[in-house]
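Below is one structure, written out as structure tokens; comments come after it.
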Amino acid sequence: MRSSYPTLTFFMTFLLSMGSTNTSPVLIPWTNIGTDGQPIAVCTKNCPPISKPICAVDNGKYKTFDNECLMTLRNCRTDSYYQFVHQGKC
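Counted the way mature numbering (1 follows the signal peptide of the UniProt record, and there is no 0) counts, the sequence shown spans residues -23 to -1, 1 to 67.
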């Protein structure tokens, strides 16, 4: 019987395959299930205070992040899709 709680949490492991033999399992420790039954990503609550600047781009807009974790967090919490370009400031 399926639960009606929209934020019921499950422990899930996914194996992502990109068509390469060098794939490795990606562990997603907690995933919420939405009302439509689809998984909802759970963003990390914070990033370590490490200053290791990276340059990233989203739809032609370049932005410098203090570290890669902050870029990932921004992507998770907003509608952006920043991708790593290079180490250092843009």
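Every residue gets a Cβ at the ideal spot worked out from N, C-alpha and C, and that includes glycine.
For clarity, every value in this text was computed on a predicted model and none was experimentally measured.
- Going by DSSP, residue 41 is part of no alpha helix (DSSP H) but of the beta strand (DSSP E) stretching over 38 to 42.
- Taking all protein chains in view, the Cβ of residue 59 is crowded by 16 or more other Cβ atoms within 10 Å, so the residue is classified as buried.
- A straight-line Cα-Cα distance of about 7 Å links residue 39 and residue 67.
- The beta carbon of residue 28 sits closer than 8 Å to those of 43, 44, all from its chain and outside the five residues before and after it, given in chain order.
- Residue 53 sits in a helix when the DSSP states are folded into three classes.
- Ranked by Cα distance from residue 19, the options 50, 13, 41, 36 are led by 50.
- A Cβ-Cβ distance of about 12 Å is found for the pair residue 46 and residue 30, leaving them out of contact under the 8 Å criterion.
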